[in-house]
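The opening residue of the sequence shown carries number 418 in the numbering used here; numbering runs sequentially from there.
Cβ coordinates follow ideal geometry from the N, Cα and C atoms, glycine included.
Since the structure comes first, as structure tokens, the remarks are kept for the end.
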Amino acid sequence: MDPNESATHENALHAKPPSPSEVGSKLLAKYSDTDSLFVRNNPLGDGQSTPKAIPLQRSQELEQAIRNAPANPEPYVELGQIYVDQQRWPDARRVLDAGAEHCPEHEPLVILHEDLSIHLSSLALEQARKLNAQRPSDESRYGVEQAETDLANRRLKVCSDRYARHPDQKEILVPWAVALRQLGRQEEAVDHLQEASKEPSLRARASLQLGMCLQSLQRPLEALAAFRKAALYRSPPPEPLIRTRALELAIAIAEENHLIDSARFYTQELLESCEPSQKEALQANLKRLQATEL
Numbered sequence: 418m419d420p421n422e423s424a425t426h427e428n429a430l431h432a433k434p435p436s437p438s439e440v441g442s443k444l445l446a447k448y449s450d451t452d453s454l455f456v457r458n459n460p461l462g463d464g465q466s467t468p469k470a471i472p473l474q475r476s477q478e479l480e481q482a483i484r485n486a487p488a489n490p491e492p493y494v495e496l497g498q499i500y501v502d503q504q505r506w507p508d509a510r511r512v513l514d515a516g517a518e519h520c521p522e523h524e525p526l527v528i529l530h531e532d533l534s535i536h537l538s539s540l541a542l543e544q545a546r547k548l549n550a551q552r553p554s555d556e557s558r559y560g561v562e563q564a565e566t567d568l569a570n571r572r573l574k575v576c577s578d579r580y581a582r583h584p585d586q587k588e589i590l591v592p593w594a595v596a597l598r599q600l601g602r603q604e605e606a607v608d609h610l611q612e613a614s615k616e617p618s619l620r621a622r623a624s625l626q627l628g629m630c631l632q633s634l635q636r637p638l639e640a641l642a643a644f645r646k647a648a649l650y651r652s653p654p655p656e657p658l659i660r661t662r663a664l665e666l667a668i669a670i671a672e673e674n675h676l677i678d679s680a681r682f683y684t685q686e687l688l689e690s691c692e693p694s695q696k697e698a699l700q701a702n703l704k705r706l707q708a709t710e711l
């Protein structure tokens with residue numbers, strides 16, 4: 418064996434394992450639940466599929482209709498959707514910005530305009546991350562941070578505006594809270610998530626996010642209770658991914674706070690529903706926990 422490889426191997430054998438708090442922090446970063454942040458009825462194009470072919474004549478007719486009757490919302494919606502389908506983002510922004518200005522009360526138009534603003538910020542973040550991966554620098558890392566902040570702020574505004582228009586749509590509270598959490602406004606996020614968790618259909622997802630907020634606020638026992646609710650709520654049961662995430666976070670926080678009995682319990686619960694590839698590691702962890710003094 419090469420001497421350098423031998424030294425590396427020796428270091429690995431004696432390396433200090435990550436603390437439960439370090440593991441918990443990594444899990445919190447991993448489980449940002451970003452999919453729920455896109456508050457929209459119809460998904461926009463993701464930039465990967467082939468843009469739809471739309472007859473040029475139709476888009477020209479709609480452009481003319483907008484010039485002739487700028488207070489009519491329907492042409493904005495149809496033309497804006499055409500440009501979205503074709504991934505012509507500058508044209509889509511131009512048309513929907515004008516539509517939102519002239520027809521601010523037309524809900525389908527407002528929703529499409531809001532969705533586009535989020536989508537464009539998402540594309541900007543994706544581009545910033547690619548640039549940073551290709552040419553890492555302080556400047557490119559700052560660009561990623563700025564793009565992340567811009568996206569969170571846009572999601573925040575969309576959720577706030579949409580909830581003001583539709584206070585009955587409690588599902589908006591969860592992505593709104595996630596955006597607040599990403600901006601460091603944890604206490605506000607907690608209020609939104611506690612409200613959302615009153616709805617049975619939202620309880621698991623809201624409780625998962627609530628636990629992450631409470632953990633960031635150094636309120637571990639409350640966080641553990643929220644993770645338990647997210648994982649073990651029975652009616653309706655949580656989605657498998659939410660259950661798995663909540664149990665993993667519950668295990669980490671229980672270990673960090675020396676709640677060994679709880680860590681054993683959550684590990685056993687996770688073993689019942691985990692992927693086969695996870696089973697061996699979980700069984701080893703459970704064995705270690707069972708050998709740990711309470």
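Simplified DSSP state of residue i, which is helix, strand or coil
i, result
"Pro-584", "coil"
"Arg-475", "helix"
"Gln-626", "helix"
"Glu-543", "helix"
"Gln-504", "coil"
"Asn-570", "helix"
"Gly-601", "coil"
"Ala-594", "helix"
"Glu-710", "coil"
"Glu-531", "helix"
"Ala-509", "helix"
"Arg-681", "helix"
"Ser-449", "Here the model assigns Ser-449 a pLDDT of 48, short of 50, so the residue's position is not dependable, and the following value carries that caveat. In this structure, Ser-449 counts as coil in the three-state DSSP scheme."
"His-519", "helix"
"Asn-549", "helix"
"Cys-576", "helix"
"His-693", "What sits at residue 693 in the sequence shown is Pro, not His. Correct three-state label for Pro-693: helix."
"Pro-487", "coil"
"Ser-557", "helix"
Straight-line Cα distance separating residue j from residue i
i, j, result
"Trp-593", "Ser-577", "7 angstroms"
"Leu-600", "Leu-548", "23 angstroms"
"Ser-624", "Leu-638", "14 angstroms"
"Arg-552", "Leu-542", "15 angstroms"
"Pro-525", "Gly-516", "11 angstroms"
"Pro-507", "His-519", "18 angstroms"
"Arg-571", "Tyr-500", "21 angstroms"
"Ala-680", "His-523", "52 angstroms"
"Ala-569", "Asp-585", "23 angstroms"
"Arg-645", "Leu-597", "23 angstroms"
"Tyr-683", "Ile-668", "6 angstroms"
"Glu-697", "Leu-631", "31 angstroms"
"His-675", "Gln-603", "25 angstroms"
"Leu-529", "Gln-481", "21 angstroms"
"Ala-446", "Arg-662", "Note on Ala-446: pLDDT 43, under 50, position unreliable in the model; no value is reported."
"Asp-608", "Ala-621", "16 angstroms"
"Val-494", "Gln-504", "15 angstroms"
"Gln-477", "Gly-628", "52 angstroms"
"Pro-521", "Val-527", "7 angstroms"
"Glu-686", "Ala-701", "14 angstroms"
"Val-595", "Glu-672", "25 angstroms"
"Leu-430", "Arg-660", "Confidence in Leu-430 is poor, its pLDDT being 37 and thus under 50, which makes the residue's placement unreliable; the coordinate value appears in the next sentence. So the two alpha carbons sit approximately 33 angstroms from each other."
"Ala-647", "Gln-611", "12 angstroms"
"Ile-677", "Pro-655", "25 angstroms"
"Arg-636", "His-583", "32 angstroms"
"Arg-484", "Arg-510", "16 angstroms"
Residue i, buried or exposed, once every other Cβ within 10 Å from all chains shown has been counted against 16
i, result
"Thr-709", "exposed"
"Arg-475", "exposed"
"Lys-704", "exposed"
"Gly-441", "Note that Gly-441 scores a pLDDT of 39, beneath 50, so its modelled location is shaky and nothing firm can be said."
"Ala-411", "The question about residue 411 has no answer here: the residues shown for the chain are numbered 418 through 711."
"Ala-581", "exposed"
"Ser-618", "exposed"
"Gln-626", "buried"
"Ala-545", "buried"
"Glu-689", "exposed"
"Ala-550", "exposed"
"Leu-496", "buried"
"Gln-498", "buried"
"Ala-488", "exposed"
"Pro-657", "exposed"
"Ser-712", "Outside the modelled stretch of the chain, which goes from 418 to 711, sits residue 712, for which no answer is possible."
"Glu-706", "In the sequence as displayed, the identity of residue 706 is Leu instead of Glu. Leu-706 is buried by the Cβ-count criterion."
"Leu-479", "buried"
"Ser-614", "buried"
"Asp-579", "A small fix is needed here, since residue 579 is Arg in this sequence, not Asp. Buried: at least 16 other Cβ atoms inside 10 Å."
"Leu-473", "exposed"
Residue i: CB within 6 angstroms of a non-hydrogen atom of the ligand NAD
i, result
"Asn-674", "With respect to the ligand NAD, the structure shown offers nothing to examine, as it has no ligands at all."
Any chain B beta carbon closer than 7 angstroms to residue i
i, result
"Ala-669", "Protein chain content of the structure displayed is limited to a single chain, and chain B is not contained in it."
Return the chain-ordered ranges of every alpha helix (DSSP H) run that is complete within the segment 608-676 and spans a minimum of 4 residues.
Here the runs fully enclosed are 620-633, 637-649 and 657-673.
May I ask you to verify whether the segment 527-543 touches the segment 567-587, counting CB pairs closer than 8 angstroms and requiring at least 3?
Cβ pair count under 8 angstroms is three or more, so yes.
Between the segment 554-562 and the segment 579-591, are three or more C-beta pairs nearer than 8 angstroms?
Not touching, per the Cβ criterion.
Touch check for the segment 693-701 and the segment 645-658: three-plus C-beta pairs under 8 angstroms?
By the Cβ test, the segment 693-701 is not in contact with the segment 645-658, since fewer than three Cβ pairs between them sit closer than 8 angstroms.
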